[in-house]
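Student:
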Amino acid sequence: MNRRDFMQLTGMSAGALMLPTIPVLGRAVTPEALLENALDVALKKRLADAALNAATAKGATYADIRIGRYLNQFVVTREDKVQNLVNTESYGVGVRVIADGCWGFAAVVDAKSESQTAKAAEEAVAIAKANAKLMKEPVQLAPQKGFGEVSWKAPIKKNAFEVPIKEKVDLLLTVNDAAMKNGANYVNSVLFQVNEQKYFASTDGSYIDQDIHRMWPIFNVTAIDPKSGKFETRQSLSAPMGMGYDYLQANPTDSIKGITTRYNKGYDMLEDVVSAAKQAKEKLTAKSVEAGKYDLVLDPSHLWLTIHESVGHPLELDRVLGYEANYAGTSFATLDKWKAGDFKYGSPEVTLFADKTQVGSLGAVGWDDEGVDTQKWDLVKDGVLVNYQAIRDQAHIIGEERSQGCCYADSWSSVQFQRMANVSLAPGKTPLSVEDMIKDVEKGIYIIGDGSFSIDQQRYNFQFGGQLFYEIKDGKIAGMLKDVSYQSNTQEFWNSCTKICDERDYRLGGSFFDGKGQPSQSSAVSHGSSTTRFNGVNVINTARKI
Amino acid sequence: MSVILTEAEAKALLQKVLAFSKADECEANILGEQRGNIRYARNEVSTSGGLINQNLEVQSSFGKKVGTATVDEFDDASLEKCVRRSEELAQLAPENPEYVGVLEPQTYMKSKGFFESTASVDPDKRAEAVAMSLQQTRDKKLVGAGFLDDVKGYSAMMNSKGLFAYYPSTNVNFSLTVRTEDGQGSGYVIRGFSDFDKLDTKSATQIAVQKCLGSVDARALEPGKYTVILEPTAASVLLENIFFNLDARSTDEGRSFLSKPGGKSKLGDKIVDERVTIYSDPANAELPASPWSGDGRAQEKINWIEKGVMKNLAYSRFWAKEKGVKATPFPNNLIMEGGSSSLEDMIKSTKRGILVTKLWYIRTVDPQTLLLTGLTRDGTFFIEDGKIKYPVKNFRFNESPIIMLNNLEALGKPERTVSTESNRNYLIPPMKIREFTFTSLSDAV
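See the structure below:
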């Protein structure tokens, strides 16, 4: 599912039509079916061995197989109504091989017999051999040791699929009721839960069984001024997380108090919606921003998206090389800039790292979708560009001896390719709270929550909105603003970074719908940061009359 | 049996499905499709693939309790299991107060959207089409990255009140980005057709090559308000945001660009220049579309904006019932009327302006005014005294399609084009707009 379908399915975009039917995510099942055990590991190993042996027998020099069961559950409500309850399951097998130096891939739905997986493997070899005729250079695969029979399970405390639907419906209807009682005209709310049960095996000798969970509670509150006909919205400050239902069982230590409460490892949906309803109303009469240069203080619930677009994407090696030129685009961060060793991506305060191991993040797994154990590595160190994100068939291009472990496919039926790791901004090393950061700002704007976003195809020029904007005057918050967007250039922006709050403020944001490839695949990714200050950024006023 | 069922086969299968039903009401939707694609980059094929997909969705209801189940295997046991599962889910579901029941049988317009030329595309034909493109970029020492994606399929539905609908269709989309080896020039082309025979990858590639070579050494112009000529591909990604926001309920609720204070709407108001007429028509020969919507409602030729006046909104059946109006469904295609002038005529008549061939990364900034942001990409040119003078660096814009259509200077002849944002096909003319707002420059090529 892509972002547009999700927004339409859930009524999250203002004015959007609800989809008449659910986009195909798999077959619809009962909630109980989501709790059925994954296929037995011994059976999965037999299915895998059948495929790997068949591929090798047909002349493959490498083969891997992914046996995937993908479960989704949506609970969709508005005001006092349940609009949709959707449970889906998708199961199948994808086999990828190298034969005659070329990749080949074949997938098969519902494969539970060794003959089916072997046949898919043979088909993949035939495709590889056919494509090899068009190939100029054979695939170079970075070596990877096998891990034998291993497993990884997301460290969740409560499986969201075990929570009765009624409890979820009750939560959302309570949230909606609180929004309406606090001044909202409309409210939409959704719980979106994912479980990926993935088994990977390869001719390198790995048999990896993984259980991955993701959870995203989200709402959108609308307030309308009947006299002027103006409307404003405020979306939830939750983040999609690599967690179970425990994300919704927040402790007081999981939140950060301030002008509005922000959330870390636990999310209090009811508390946030009460603030949201009041803030949506407050926005109606907020001051329209005066365009000009401002120092920006960006909350992690906002900054994650700027990191995603201006750091995560340009440092994907396949984009740098031109493989995404026809769709997502290329990158300004070309190999010569990296080779020079002194390209100033940001100010010396800025260290940005990729990390596929962070607990609770969307990208956390034990091994990626080509059997590489996950890692953490620097992309920008003390302001200088030092690395990219690469997978096994790209590692040699940047002189790496092994893959960085960021290969992913969004389904058993999709071919795995390089996807963004969790890319995060390292917290400041000296103790600094948000309050202390604001104290120093003479003319600034404090932005919380993500809004509109757009960036060019090489990732230079971007524009971002937000959910909440507060004017900072002489070190104090002077009130709410609206109609705010900022425009900047990636290198200029990161070089204008002057201060980063310390690790006590470090929080994750993220997306379920990072789109890339043709046909497009979606990937879920988190981005961490502490509140950060950027000086002299160009802010525009977005109010118009029609 | 082929995955693409004939009308008679689809009807027989759906009758079998409904015969299993024990619910108060039952509705079944079925689809089958076969897709094939080739993707290439750096002048080499990077991936190629195929997808065969078939799916049956059964919706059962007991009173206002509704459940939906799907299945992708069509043997009798699977069909019955799917019907039973939808009934179980309906029994478990809370009442849906907005459920209005299944529709009576309808009469549909005729629309020819299935072309044998596309249906018969095989890997060789696909490779041949791509080879014609690759040959040119390789010969000219340019770098090509493209995607060709063809599909044949059908959809059909039947319900317990006897409604039956069937529609077969085909489509091919081809897109290509051509870049210079040093990355200083970039050009793009996209084509979409129902009939594969209309796709000429050779001439399409020539356009991308020409734009690529012509875009080298772009000069920086100051951002600001400019007269622009938007090629149909560029215009489509802006105009489709009007299309996505035709929902009557959001309008009536006061949260649409079409809302007015006090729960009123702009229906009947002149919202854009009087030369603007936007309509949908399933029977249009250039852009055929299914004559029925997913819930079985008949699609008709309907004007959404007529001579600048907002004429119609799209309704769910529930909302139409609430409001006591006709339940006009969300349309399956979108066509904008144009004028007679060619793109060349429009350039000739421009004293000072910018030719925009593609726009990228379009996002809504303010749903109230439909203010959008995004950037120009892959070929942007300065026009002076009726001639293209030189390429210019890409701009970021902040503009509303409603404001833009009020600043209309001229319309050209409508062409079938593809949105680079949504992949939807449209019939849209090139258009000249005054005072289009560019807010900053980008170094991206």
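Order-wise, the sequence lines are chains A and B.
First residue of the first sequence? That's 1 in UniProt numbering, and the numbers climb one at a time after it.
First residue of the second sequence? That's 1 in UniProt numbering, and the numbers climb one at a time after it.
Every residue, glycine too, gets a C-beta built ideally from N, C-alpha and C.
Give me the Cβ distance between Lys283 of chain A and Met480 of chain A, rounded to the nearest whole Å; I'm assuming they're in contact under 8 Å.
Tutor: The pair is a contact, with the Cβ atoms about 7 Å apart (cut-off 8 Å).
Student: How many angstroms separate the CA atom of Arg42 of chain B from the CA atom of Gly329 of chain A?
Tutor: In a straight line, the C-alpha of Arg42 of chain B is about 13 Å away from that of Gly329 of chain A.
Student: Buried or exposed: which applies to Asn251 of chain A, given that a residue is buried once 16 or more other Cβ atoms fall within 10 Å of its Cβ?
Tutor: Asn251 of chain A is exposed by the Cβ-count criterion.
Student: Answer yes or no: does any C-beta atom of chain B fall closer than 8 Å to that of Ala325 of chain A?
Tutor: Yes, Ala325 of chain A counts as interfacial toward chain B.
Student: Tell me the residue span of the beta strand (DSSP E) that contains Asp64 of chain A.
Tutor: Taken as a continuous stretch (DSSP letters only), the beta strand (DSSP E) holding Asp64 of chain A covers 62 to 78.
Student: Using a C-beta cutoff of 8 Å, does Leu103 of chain B count as contacting chain C?
Tutor: In the structure shown, chain C does not exist; the protein chains are A and B.
Student: Kindly indicate if chain B contains any beta-carbon less than 8 Å away from that of Thr542 of chain A.
Tutor: At least one chain B Cβ lies under 8 Å of Thr542 of chain A.
Student: Cα separation between Ser155 of chain B and Asn29 of chain B?
Tutor: The straight-line gap from Cα to Cα measures roughly 7 Å.
Student: Considering just the uninterrupted stretch of the alpha helix (DSSP H) at Thr490 of chain A, what are its terminal residues?
Tutor: Unbroken alpha helix (DSSP H) run through Thr490 of chain A: 490 to 495.
Student: Identify whether Ala426 of chain A lies in helix, strand or coil by the three-state DSSP scheme.
Tutor: Correct three-state label for Ala426 of chain A: coil.
Student: For a contact defined as C-beta to C-beta under 8 Å, what are the partners of Glu98 of chain B on chain A?
Tutor: What Glu98 of chain B touches in chain A: Lys81, Gln83.
Student: At a cut of 8 Å, does the region 286 to 300 of chain A reach the region 524 to 540 of chain A through at least three beta carbon pairs?
Tutor: With the cut-off at 8 Å, the region 286 to 300 of chain A and the region 524 to 540 of chain A touch.
Student: Can you list, in chain order, the residues of its chain with a C-beta nearer than 7 Å to that of Ala90 of chain B? Leave out the 5 residues immediately preceding and following it.
Tutor: Ala23, Ser60, Ser61, Phe62, Lys65, Val66, Gly67, listed in sequence order.
Student: In this structure, does DSSP put Val537 of chain A in helix, strand or coil?
Tutor: Looking at Val537 of chain A - three-state DSSP - the assignment turns out to be strand.
Student: On the premise that Tyr361 of chain B lies in contact with Ser454 of chain A, defined as a C-beta separation below 8 Å, what is that separation, rounded to the nearest angstrom?
Tutor: With 8 Å as the limit, Ser454 of chain A and Tyr361 of chain B qualify as a contact, their Cβ atoms being about 4 Å apart.
Student: Applying a beta-carbon distance threshold of less than 7 Å, which residues of chain B neighbour Thr222 of chain A?
Tutor: Under the 7 Å cutoff, chain B gives Arg255.
Student: Please determine, among B:Val100, B:Val418, B:Ser186, B:Ile229, the residue with the shortest C-alpha to C-alpha distance to Gln210 of chain B.
Tutor: With distances taken between Cα atoms, Gln210 of chain B lies closest to B:Ser186.
Student: In this structure, does DSSP put Gly339 of chain B in helix, strand or coil?
Tutor: In the structure shown, Gly339 of chain B sits in coil (DSSP, three-state: anything other than H, G, I, E or B).
Student: With a threshold of 7 Å on Cβ separation, who are the neighbours of Ile540 of chain A within its own chain once the five nearest residues in sequence on each side are excluded?
Tutor: Excluding sequence neighbours, Ile540 of chain A sits near Ala291, Ser485, Gln487.
Student: Answer yes or no: does any C-beta atom of chain B fall closer than 8 Å to that of Pro23 of chain A?
Tutor: Low confidence applies to Pro23 of chain A: its pLDDT is 40, below 50, so where it sits in the model is not reliable enough to give any reading.
Student: Taking only three categories from DSSP, how would you classify Trp412 of chain A?
Tutor: In the structure shown, Trp412 of chain A sits in coil (DSSP, three-state: anything other than H, G, I, E or B).
Student: With 8 Å set as the bound, which would you pick, yes or no: does the beta-carbon of Ala145 of chain B sit closer than that to a beta-carbon of chain A?
Tutor: With 8 Å as the cut-off, Ala145 of chain B counts as an interface residue toward chain A.
Student: Beta carbon of Glu240 of chain B, beta carbon of Thr277 of chain B: below 8 Å?
Tutor: Not in contact: Glu240 of chain B and Thr277 of chain B (Cβ atoms no closer than 8 Å).
Student: Threshold first: 3 residues or longer. Then list the beta strand (DSSP E) segments lying entirely within the region 193 to 264 of chain B, N to C.
Tutor: Entirely contained in the region 193 to 264 of chain B, the beta strand (DSSP E) runs reaching 3 residues are, in chain order, 224 to 230.
Student: Mapping DSSP to helix, strand and coil, what is residue 447 of chain B?
Tutor: The question about residue 447 of chain B has no answer here: the residues shown for chain B are numbered 1 through 445.
Student: Kindly provide the ranges of any beta strand (DSSP E) runs that are 3 or more residues long and lie completely inside the UniProt domain "Metalloprotease TldD/E central" (161 to 284) of chain A, ordered along the chain.
Tutor: You should have 186 to 202, 206 to 224, 231 to 235.
Student: Which residues does DSSP list as the beta-bridge partners of Met158 of chain B?
Tutor: Per DSSP, B:Ala28, B:Phe164.
Student: Going by the beta-carbon positions, is the gap between Asn53 of chain B and Thr70 of chain B smaller than 8 Å?
Tutor: No, the pair does not count as a contact, with Cβ atoms beyond the cut-off.
Student: Go to Thr70 of chain B, then tell me how far its beta strand (DSSP E) extends in each direction, as first and last residue.
Tutor: Segment 65 to 71, the beta strand (DSSP E) holding Thr70 of chain B.
Student: So for Gly50 of chain B, helix, strand or coil by DSSP?
Tutor: Strand, per DSSP.
Student: Between the alpha carbons of Leu305 of chain A and Gln15 of chain B, how many angstroms are there, rounded?
Tutor: Whole-angstrom Cα-Cα distance: 50 Å.
Student: Cα-Cα, which of A:Leu39, A:Thr351, A:Ile445, A:Cys501 is closest to Ser288 of chain A?
Tutor: When only C-alpha atoms are compared, the closest one is A:Ile445.
Student: With 8 Å set as the bound, which would you pick, yes or no: does the beta-carbon of Asp456 of chain A sit closer than that to a beta-carbon of chain B?
Tutor: With 8 Å as the cut-off, Asp456 of chain A counts as an interface residue toward chain B.
Student: Which residue's Cα is closest to the Cα of Asn159 of chain A: A:His213, A:Asn131, A:Trp152, A:Ala128?
Tutor: Checked all of A:His213, A:Asn131, A:Trp152, A:Ala128; the closest Cα to Asn159 of chain A is A:His213.
Student: Does the beta-carbon distance from Ala421 of chain A to Asp355 of chain A come in below 8 Å?
Tutor: Cβ distance < 8 Å, so Ala421 of chain A and Asp355 of chain A count as in contact.
Student: Which one of A:Glu114, A:Lys482, A:Met180 has the shortest CA to CA distance from Ile448 of chain A?
Tutor: For the residues A:Glu114, A:Lys482, A:Met180, the minimum Cα distance to Ile448 of chain A belongs to A:Lys482.
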